[in-house]
Amino acid sequence: MALPEKFKAMVVSETVEKKFVREITQKALSELPGGELIVEVKYSSLNYKDALSASGNKAVTRKYPHTPGIDAAGVVVDSTTKAFGAGDEVVVMGFDLGMNTSGGFGQYLSVPSGWAVKLPQGLSLRDSMGYGTAGLTAALCILRLMAGGLNKDSGEVLVTGATGGVGSIAVAILGKLGFNVVAATGKADEKEFLTQLGAKAIISREEASDTSGRPLQKGRWAGVVDTVGGNILATALKTAKYGGLVAACGNAMSADLNVNVFPFILRGVSLLGVDSVEIPMRARQMAWNKLAGEWSVDLLRIVTEVSLDGLSAEIDKILKGGVRGRVVVDLSK
Ligand SMILES: NC(=O)c1ccc[n+]([C@@H]2O[C@H](COP(=O)([O-])OP(=O)(O)OC[C@H]3O[C@@H](n4cnc5c(N)ncnc54)[C@H](OP(=O)(O)O)[C@@H]3O)[C@@H](O)[C@H]2O)c1
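Following my numbering, the numbering of the sequence shown begins with 63 at its first residue and continues without gaps.
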């Protein structure tokens, strides 16, 4: 198949004044790294990490100009390995994609074959990006909690940052599985959205953030999916009930965690770290199979679709914690 010399992409550049500017421009295929697969990207999606990369956060992206996009779904157009052939539909996520390797916010990418999984049966390319890294992470958090023994009869399960990408999908999956989900949100006007997704109760961000200074509070949560870190994660640990399981995957509030050992040594609470970037392929595949099968949720309510041209505004929004659900990027437009 003849490949185009140029393709449309978002490129983030650093100016001499050390400012970061985004433009939608034509990029040469020869600028891509020499990976085993060349993929024509059909859809991508926006994650918080993309917004950090797109705004010059050097902990995520060291070198600019750069095309962000840690998620991509598309069709293999060239392969030097037997594992994939031209025409295969794939999801490419994690590892270095979109961080220091040109990512999904461009119509083509080139990656090692180990970064791709075949599109799970039962999912469309668009829906795979409706989940994206956020959905995969939500599934991985729930798998960790359930592997620790959490079930729908264990008691209330708290999801923090509940209207965000990871949070909204976690609420929807847990709700579908019959868990008693409590959503913590800073968006007072999104109660109906969260209830429709599956939350049985909603608490404010303030209620989820204890400032009493006490080492423990009344135990309430059997399980927690925390996407925000900081004092909300500390509070979740202090308010977990005996044997409670707390999965931590994010730092939208803060990367700090100021706790003492009492939740662990007096209540047997477990803090479970969840990573979606380097997670071994077997676990990644298991989570995708769940999302494509018994854990699939109604993405219509959760997804907003934009073209590359509409993406920059969504990046500004997610940086302020203002995005609801997931943003899918249609690369054909
Ligand atoms: N471990 C991993 O592999 C992995 C994978 C994916 C994402 N993450 C991390 O998980 C977090 C969530 O990612 P995402 O893509 O879901 O982001 P997102 O869509 O921006 O959602 C984050 C949500 O957190 C809440 N929030 C934002 N700022 C806050 C603040 N200052 N204090 C308290 N709550 C705040 C908001 O929800 P409400 O308004 O509803 O409170 C926001 O919608 C990020 O830190 C991301 O880097 C980690």
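Backbone N, C-alpha and C fix where the C-beta goes; we use that ideal spot for every residue, glycine too.
Note the first and the last residue of the continuous beta strand (DSSP E) segment covering residue i.
i: residue 332; result: 332-335
i: residue 399; result: In the structure as shown, the chain begins at 63 and stops at 395. Residue 399 is therefore absent and cannot be evaluated.
i: residue 250; result: From DSSP, residue 250 is part of no beta strand (DSSP E); its letter is neither H nor E.
i: residue 201; result: Residue 201 -> not in any beta strand (DSSP E); alpha helix (DSSP H) instead, spanning 187-209.
i: residue 141; result: 133-141
i: residue 388; result: 388-392
i: residue 366; result: 365-369
Taking C-alpha atoms, which residue in the options lies nearest to residue i?
i: residue 157; options: 148, 131 and 143; result: 131
i: residue 316; options: 327, 125, 292 and 332; result: 292
i: residue 143; options: 177, 274, 380 and 155; result: 177
i: residue 192; options: 365, 122, 114 and 153; result: 365
i: residue 15; options: 350, 114 and 133; result: This structure cannot settle anything about residue 15, because the visible part of the chain is limited to 63 through 395.
i: residue 267; options: 249, 232, 110 and 189; result: 249
i: residue 320; options: 299, 245 and 286; result: 299
i: residue 405; options: 225, 265, 208 and 222; result: Lying before the first or after the last residue shown, residue 405 is absent from the chain, which here runs from 63 to 395.
i: residue 216; options: 304, 129 and 148; result: 304
i: residue 77; options: 265, 128 and 171; result: 128
i: residue 354; options: 197, 272, 206 and 371; result: 197
i: residue 286; options: 368, 395, 278 and 310; result: 310
i: residue 160; options: 212, 179, 107 and 201; result: 107
i: residue 325; options: 318, 335 and 301; result: 301
i: residue 244; options: 261, 228 and 234; result: 261
i: residue 265; options: 220, 258, 121 and 135; result: 220
Tell me residue i's beta-bridge partners as DSSP assigns them.
i: residue 70; result: 88
i: residue 266; result: 247
i: residue 180; result: 152
i: residue 242; result: 218
i: residue 159; result: 163
i: residue 82; result: 76
At which residues does the alpha helix (DSSP H) containing residue i begin and terminate?
i: residue 171; result: Looking at the DSSP string, residue 171 is not in any alpha helix (DSSP H); the run it does join, the beta strand (DSSP E), is 170-173.
i: residue 164; result: It is not in any alpha helix (DSSP H) - residue 164 carries neither H nor E in the DSSP assignment.
i: residue 104; result: Looking at the DSSP string, residue 104 is not in any alpha helix (DSSP H); the run it does join, the beta strand (DSSP E), is 99-108.
i: residue 350; result: 343-354
- [ ] Could I get the ranges of all uninterrupted beta strand (DSSP E) runs contained in the stretch 274-328, with 3 residues as the minimum, in chain order?
- [x] Runs found: 283-288 and 302-310.
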